[in-house]
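In what follows, a structure is listed as structure tokens, so that the remarks can point back to it.
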Amino acid sequence: MIRAKIHLLVCGVALLLTTAVLAQSGSLYSYQDLSHFYYSKQRDSLKKAWTCPTSFKDKAAQKKYREIWDQRIDGIIGAINGDDYVHDNEVYTYIDGIVRQITEANRQLVPVKPFVFIDRSSWVNAYAVGGNLLAVNLGLITFSTTREELALAIAHEMSHNILHHVENAMYQKAEWLSSDDYKQSLNAVLDSKYERLSRLKKVLEGYTFSRNRHQRYHESEADSLAIILLKRSNIAFQAGYFLHLDSADLEYEHPLKHSLSAFFTAYHLPYEEGWTQKRSHGLSTRAYSFSDTSKLADSLKTHPDCVDRYAKTRSLTTPNAHLTPIPASIQDRANKMLLWNMYSGVSLTPCLYRILLIKDKGNTDLWYDFMLSNIFAGLYYSDRVLNRFNAIGVVPKEVISRDYYALQTLLEQIPRDNLKQACQTLQNGGFWKNMPSVEKDLKSFVFTLALDPDDSDRNKARAAHLFSTGNANSMYNELAQNFEKK
Ligand SMILES: [Zn+2]
């Protein structure tokens with residue numbers, strides 16, 4: 016388990032201590048760009064505009080249909096209210112530019128440009144909502160490498176909307192739930208004396224099976240139409256993207272180039288190899304082979320059938336295509352927004368591991384030091400309020416590397432006093448000297464939570480208020496709001 020990495024340690028430290036550059040991107044989005052605020056008008060008109068069409072003669076079926084329809088609208092409104100979406104001008108304009116190009120080249124199929132949301136999720140995904148709405152996750156943007164890859168994902172979702180897949184699925188669900196078949200099988204289950212649960216499962220499985228079959232068909236239909244949309248837009252199609260997507264769930268399987276101890280040493284943080292090894296019984300690292308983790312079952316993947324989709328479309332790949340890399344500034348912004356979202360969602364290990372992967376590439380942007388400090392302060396704060404385990408954000412072993420598991424174990428097991436020491440070290444880190452003032456203001460707030468001997472709610476609310484009055488437009492205000500409201 017303990018790996019000799021002394022040579023790596025030496026070069027790791029050298030790499031981390033190269034002259035740090037100032038935060039390059041300036042400010043990201045503002046607090047008012049979060050969806051509960053930015054999309055408040057759209058949210059209010061959504062409910063009025065999206066009325067359920069009358070499609071069933073049967074009253075009960077129509078009622079079911081309306082229920083399913085309303086659930087979808089409530090889902091989207093809930094996502095807007097919950098700040099699932101953000102309107103960062105630069106990233107939004109980039110994504111919307113792709114949507115615009117595809118729309119303008121395909122006016123017959125897409126008379127009106129779809130409405131795009133940027134979803135803050137780290138999942139490598141985009142999704143069609145129906146009704147000419149679609150969403151692109153930050154996770155997809157950071158995962159993709161070229162504009163053409165993003166365009167394929169976007170064209171695929173636009174195709175779902177063009178083909179009314181979402182609406183059709185809702186219609187079919189209403190049809191099934193109000194069918195005699197369903198009612199009879201349900202009654203049979205209720206009448207039966209034995210094995211009700213397993214019988215009920217069978218009834219539901221029947222529906223799920225036929226729905227999955229439909230969905231597979233929908234996927235290949237959407238792929239075919241997407242390729243047409245792209246060709247008409249003069250955007251190269253690369254079937255190879257499907258193979259790239261196949262690895263979408265393996266981001267945390269990526270090993271670290273520099274060892275954990277090198278990272279910790281570079282920041283003068285306490286580190287002991289023993290903290291990275293599980294002391295308790297149960298799932299031990301020794302009993303688990305991390306080498307065979309790349310074989311995640313296809314059905315469990317975010318994007319199943321990728322190899323099949325590749326094989327089906329390979330011959331349509333644009334020959335000698337000129338590919339456009341996604342601009343570094345877009346990737347940088349998307350990455351930071353994604354990390355902040357993970358942090359404010361208190362998912363600390365995935366957040367820290369991503370930062371280490373970025374640092375592994377030699378990135379010396381001070382913003383990542385700022386976030387590293389936030390993570391340790393956040394963890395110590397969680398420990399103080401007896402919530403350390405929840406803050407760690409456990410990820411299933413099947414999709415993580417040995418390094419990730421070691422980091423997760425370390426964050427679980429590092430003794431409280433050492434964690435406090437790590438916080439104090441980071442609080443006094445040299446990197447703060449050149450940090451912009453808003454980050455310094457957040458530092459005061461975060462370290463009040465973590466280290467102030469006064470741990471009353473009133474003191475936390477006071478510190479939150481101090482931050483938000485000075486930085487009402489800051490994206491970090493999201494964190495302060497949680498404590499100010501209390
Ligand atoms: Zn799809």
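Counting with the working numbering, you get residues 16 to 501 for the letters of the sequence shown. No residue lacks a Cβ here, since even glycine has one placed at the ideal position from N, Cα and C. These figures come from a predicted structure and were not determined experimentally.
Cβ pair residue i, residue j closer than 7 Å
| i | j | result |
| --- | --- | --- |
| Ile110 | Val131 | yes |
| Ala166 | Ile250 | yes |
| Tyr100 | Ser50 | yes |
| Ala465 | Phe482 | no |
| Ile345 | Val114 | no |
| Arg329 | Ala437 | no |
| Phe460 | Asp384 | no |
| Leu367 | Ser137 | no |
| Ser213 | Ala75 | no |
| Ala189 | Lys79 | yes |
| Ile92 | Arg58 | yes |
| Phe257 | Tyr325 | yes |
| Gly393 | Leu441 | no |
| Glu493 | Ala479 | no |
| Leu244 | Ala170 | yes |
| Asn356 | Arg135 | yes |
| Asn381 | Ile370 | The sequence given here has Leu at residue 381, not Asn. No, the Cβ-Cβ distance between Leu381 and Ile370 is not below 7 Å. |
| Phe391 | Thr333 | no |
Helix, strand or coil at residue i [DSSP, three-state]
| i | result |
| --- | --- |
| Asp380 | strand |
| Ala495 | helix |
| Ala170 | helix |
| Gln39 | Only weak support exists for where Gln39 lies, its pLDDT of 42 falling under 50; the value from the coordinates is given anyway. Residue state, collapsed to three classes: coil. |
| Tyr142 | strand |
| Thr108 | helix |
| Thr161 | strand |
| Val409 | coil |
| Pro340 | strand |
| Leu331 | helix |
| Phe462 | helix |
| Tyr54 | coil |
| Ser225 | helix |
| Ala76 | helix |
| Tyr44 | coil |
| Ser136 | coil |
| Asp361 | Just to set this straight, residue 361 is Val in the shown sequence, not Asp. Here Val361 sits in coil by DSSP. |
| Asn152 | strand |
| Tyr267 | helix |
| Val127 | coil |
| Thr308 | Residue confidence is low: Thr308 scores 49 on pLDDT, short of 50, so the model does not pin down where it sits. No coordinate-derived value is stated. |
| Val101 | strand |
| Leu426 | helix |
| Ser388 | helix |
| Ser489 | strand |
| Leu284 | coil |
Pick from the options that is closest to residue i, judged by C-alpha positions
| i | options | result |
| --- | --- | --- |
| Ser276 | Ala421, Ser174 and Arg87 | Ala421 |
| Ile429 | Leu353, Thr291 and Lys198 | Thr291 |
| Leu155 | Pro468, His318 and Thr328 | His318 |
| Ala143 | Gln123, Glu164 and Glu172 | Glu172 |
| Arg294 | Ala478, Glu427 and Ala237 | Glu427 |
| Asn350 | Pro365, Leu215 and Arg403 | Pro365 |
| Leu372 | Ile407, Tyr419 and Glu220 | Tyr419 |
| Ser416 | Thr333, Arg87, Asp264 and His337 | Asp264 |
| Asp261 | Val218, Asp323 and His102 | Asp323 |
| Ile95 | Ser60, Lys500 and Pro129 | Ser60 |
| His180 | Arg211, Gly145 and Ser159 | Gly145 |
| Leu219 | Glu234, Ser200 and His233 | Ser200 |
| Arg162 | Glu493, Ile83, Glu236 and Pro342 | Pro342 |
| Glu288 | Ala170, Thr424 and Asn183 | Thr424 |
| Asn147 | Leu311, His337 and Glu182 | Glu182 |
| Ala336 | Asp196, Lys246 and Gly112 | Lys246 |
| Asp48 | Asp98, Ser471 and Trp65 | Asp98 |
| Asp472 | His233, Lys62 and Asn497 | Asn497 |
| Asp347 | Lys56, Thr157 and Pro334 | Thr157 |
Anticipated Cβ contact below 8 Å, residue i with residue j, distance rounded
| i | j | result |
| --- | --- | --- |
| Thr463 | Lys475 | 7 Å |
| Ala487 | Tyr46 | 7 Å |
| Gln116 | Ser248 | 5 Å |
| Tyr44 | Met490 | 5 Å |
| Leu178 | Glu236 | 6 Å |
| Ala406 | Val453 | Going by Cβ atoms, the distance from Ala406 to Val453 rounds to 24 Å, so no, they are not a contact pair. |
| Asp320 | Arg228 | About 12 Å separates the two Cβ atoms, so there is no contact after all. |
| Trp84 | Met185 | 6 Å |
| Thr118 | Pro340 | Not quite, the Cβ-Cβ distance comes to about 23 Å (not below 8 Å), so this is no contact. |
- Message: For the structure I just gave you, are there three or more beta carbon pairs, one from the region 426–446 and one from the region 277–291, closer than 8 Å?
- Response: Put simply, the region 426–446 touches the region 277–291. At least three CB pairs are less than 8 Å apart.
- Message: For the structure I just gave you, are there three or more beta carbon pairs, one from the region 385–405 and one from the region 263–275, closer than 8 Å?
- Response: Two segments are said to touch when three or more pairs of C-beta atoms, one from each, lie closer than 8 Å; by this definition the region 385–405 does not touch the region 263–275.
- Message: Would you call the region 123–130 in contact with the region 220–232, where contact means no fewer than 3 C-beta pairs closer than 8 Å?
- Response: Not touching, per the Cβ criterion.
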